[in-house]
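Engineer:
Residue numbers (our numbering): 19 to 508.
Here you go:
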């Protein structure tokens, strides 16, 4: 691989006797990883279900290596949102931020969604995930990934951090800043990044990173935790950023993270010599089966200085839990009187929604259902009246009210579990009709037992939702979102 000379000279100075091993690592093949979506399925159930050649990523409880021939992006379980394709080192960041159900969480530079979807899964539908990206094109990919992973309590923004900070001063319990960087750690995975790298890039990125971090700290509540990460080796973007935080924001303190034998400590000698920087983590590709990464966990206010036990998953997780969505603890049962509460839909709109939701098992707070130009959304608690920000989606898109009928959305299907809808068509993964459905075709399902012989069906694969269909005379009329359909290859 052709590496920039200024980069190799810099790495020689940093790594010294390890440099030869580091350089040899660029000739080794890259590693392929996937992360189990524990909002939908437990790790144990996943391992039993999938036909892939899996090897655990040892430092992340729900991460696995797979073989390239497994082709997981072409399997129906991928379209059911059971896993996310993610580089193994990149899984580290979200795994070390101790998110708990009910937290207010912000992913400030979230696209395409690898880290945001893990944070959302850990919330288990409680609290709120605010996911932002400044790029209008990248935020579209973020939206799709949030929806396919079935995260109902998200608020997606397309804003500059300073504008968000104006609206949310000291608001968030947990913040993740996966900062835009010079990308040196991805040179093996993406040789194009090496081609466009310049010696000035790390300093240019560091200036931008400081501005992002400053706004993140302003949005972090007292006692809250912030994790900072990059996929670069550059000290200007790593230890020197953390040293700057500790100097300019004395209320911020580093916390040691759960370790792994291949992790390297942060290097105080590459910044201002502060020994606290050893609590940062460097992931070197010649020491581990992953690409280059840097991670630092900080807390605002006093800390107990305990190592975060953030690899422990919430006890309730995915299919195994038997949990039905309790959309809000103060909710009223669908179809019952909600007098005295102010909703955001007309009486007629609510009647249409109630007719459909009579077949949905769960609890809904009707004050959080908003209808805008015929489109219905279920807004996260506390986000019912957010104005002045450019947002892509506030909450779960439920579907569209068309005159006197309701058309449920793809996102709603992905947020449900099979048992939460009254009637479903459930295919085995090996059934050729699954792929035909995902291509948008009408399929014959006369041989499949359904609770209803006509009307809306939640279409599933081995018990996990894929989308909607309408049953008419034994034929399943396809309602899979057109933009998500598999394109025919010739």
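All C-beta atoms in this analysis are idealised placements derived from N, C-alpha and C, irrespective of residue type, glycine included.
So what does residue 426 bridge to, in DSSP terms?
Structural biologist: Partner(s): 417.
Engineer: For residue 123, which residues from the same chain have a beta carbon less than 6 Å from its beta carbon, with the 5 sequence-adjacent residues on both sides left out?
Structural biologist: Excluding sequence neighbours, residue 123 sits near 117, 137, 147 and 192.
Engineer: Where DSSP assigns a beta bridge to residue 10, which residues make up the other side?
Structural biologist: Nothing can be reported for residue 10: it is not among the residues displayed for the chain, which extend from 19 to 508.
Engineer: How many Å lie between residue 374 and residue 304 at the Cα?
Structural biologist: Taking the straight line from one Cα to the other gives about 55 Å.
Engineer: Compare the C-alpha of residue 278 against each of 130, 77 and 287 and name the closest.
Structural biologist: The shortest C-alpha separation from residue 278 is found at 77.
Engineer: Ignore the nearest five residues each way along the sequence and tell me which others in residue 429's own chain have a CB closer than 7 Å to its CB.
Structural biologist: Cβ neighbours of residue 429 beyond the five flanking positions: 165, 414 and 415.
Engineer: Give me the Cα-Cα distance between residue 28 and residue 34, rounded to the nearest whole angstrom.
Structural biologist: C-alpha separation (whole angstroms): 10 Å.
Engineer: With three or more C-beta pairs closer than 8 Å as the rule, is the region 300–317 touching the region 33–50?
Structural biologist: As far as the Cβ criterion goes, the region 33–50 touches the region 300–317, which means the pair count is three or higher.
Engineer: Would you report the Cα separation of residue 473 and residue 488, rounded to the nearest angstrom?
Structural biologist: One C-alpha to the other measures close to 5 Å.
Engineer: Can you list, in chain order, the residues of its chain whose CB lies under 7 Å from that of residue 458, leaving out five sequence neighbours each side?
Structural biologist: Excluding sequence neighbours, residue 458 sits near 496, 498, 500 and 503.
Engineer: Give the secondary structure of residue 84 by DSSP, where H, G and I count as helix, E and B as strand, and everything else as coil.
Structural biologist: DSSP places residue 84 in coil when its eight states are reduced to three.
Engineer: Assuming residue 106 and residue 51 are in contact, meaning their beta carbons sit under 8 Å apart, how far apart are those beta carbons, in whole angstroms?
Structural biologist: With 8 Å as the limit, residue 106 and residue 51 qualify as a contact, their Cβ atoms being about 4 Å apart.
Engineer: Decide if residue 179 is buried, meaning its Cβ has at least 16 other Cβ atoms within 10 Å, or exposed.
Structural biologist: Per the 10 Å Cβ criterion, buried.
Engineer: Could you tell me whether the region 221–241 touches the region 182–198, where touching means 3 or more Cβ pairs closer than 8 Å?
Structural biologist: Segments in contact, yes.
Engineer: Under a three-way DSSP split, which group does residue 468 fall into?
Structural biologist: Residue 468 falls in the coil class under three-state DSSP.
Engineer: Based on the DSSP output, what are the partners of residue 245 in its beta bridges?
Structural biologist: DSSP lists 194 and 315 as partners of residue 245.
Engineer: Can you tell me which residues form a DSSP beta bridge with residue 101?
Structural biologist: Looking at the DSSP assignment, residue 101 forms a beta bridge with 54.
Engineer: Does the region 442–454 touch the region 392–411, meaning 3 or more C-beta pairs lie closer than 8 Å?
Structural biologist: No, because fewer than three Cβ pairs between the region 392–411 and the region 442–454 fall closer than 8 Å, the two stretches do not touch.
Engineer: What's the gap between the Cα of residue 21 and the Cα of residue 82?
Structural biologist: In a straight line, the C-alpha of residue 21 is about 29 Å away from that of residue 82.
Engineer: Considering Cα atoms alone, identify which of 275, 288, 283 and 370 is closest to residue 259.
Structural biologist: That would be 288, whose Cα lies nearest to the Cα of residue 259.
Engineer: Take the Cβ of residue 167 as the centre, count every other Cβ of all protein chains shown within 10 Å, and call the residue buried at 16 or more, exposed below.
Structural biologist: Label assigned to residue 167: buried.
Engineer: Could you please give me the residues that DSSP links to residue 73 through a beta bridge?
Structural biologist: Residue 73 is bridged to 83.
Engineer: Buried or exposed for residue 133, please, with buried defined as at least 16 other CB atoms from any protein chain shown within 10 angstroms of its CB.
Structural biologist: By the 10 Å Cβ count, residue 133 comes out buried.
Engineer: In three-state DSSP terms, what is residue 347?
Structural biologist: Confidence at residue 347 is low in this model, with a pLDDT of 33, below 50, so its placement is unreliable and the value that follows should be read with caution. In the structure shown, residue 347 sits in coil (DSSP, three-state: anything other than H, G, I, E or B).
Engineer: Looking at the structure shown, is residue 329 part of a helix, part of a strand, or coil, going by DSSP?
Structural biologist: At residue 329, the pLDDT of 39 sits below 50, so the modelled position is not reliable and the matter cannot be decided from this model.
Engineer: Please go through the region 202–253 and give each complete beta strand (DSSP E) segment of 3 or more residues, from N-terminal end onward.
Structural biologist: Correct list: 238–248.
Engineer: Can you have a look at residue 266 and say buried or exposed, based on whether 16 or more other CB atoms are within 10 angstroms of its CB?
Structural biologist: Under this definition residue 266 is an exposed residue.
Engineer: Taking the CB atoms as reference points, tell me whether residue 484 and residue 98 lie closer together than 7 Å.
Structural biologist: Against a cut-off of 7 Å, the Cβ pair of residue 98 and residue 484 comes out as a contact.
Engineer: With residue 455 as the anchor, note down where its alpha helix (DSSP H) starts and where it stops.
Structural biologist: Its alpha helix (DSSP H) spans residues 450–456.
Engineer: Looking at C-beta atoms only, is the number of pairs between the region 196–216 and the region 169–179 that lie closer than 8 Å three or more?
Structural biologist: No contact exists between the region 196–216 and the region 169–179.
Engineer: For residue 301, does the three-state DSSP call read helix, strand or coil?
Structural biologist: Residue 301: strand per DSSP, three-state reduction.
Engineer: Taking residue 224 as the reference, which of 207, 206 and 247 has the closest Cα?
Structural biologist: Looking at the Cα atoms, 247 is the closest of the given residues.
Engineer: Identify, in the order they occur along the chain, each residue of the same chain with its Cβ nearer than 7 Å to the Cβ of residue 412, setting aside the five sequence neighbours on each side.
Structural biologist: Closer than 7 Å at Cβ, skipping near neighbours: 173, 395, 397, 401 and 404.
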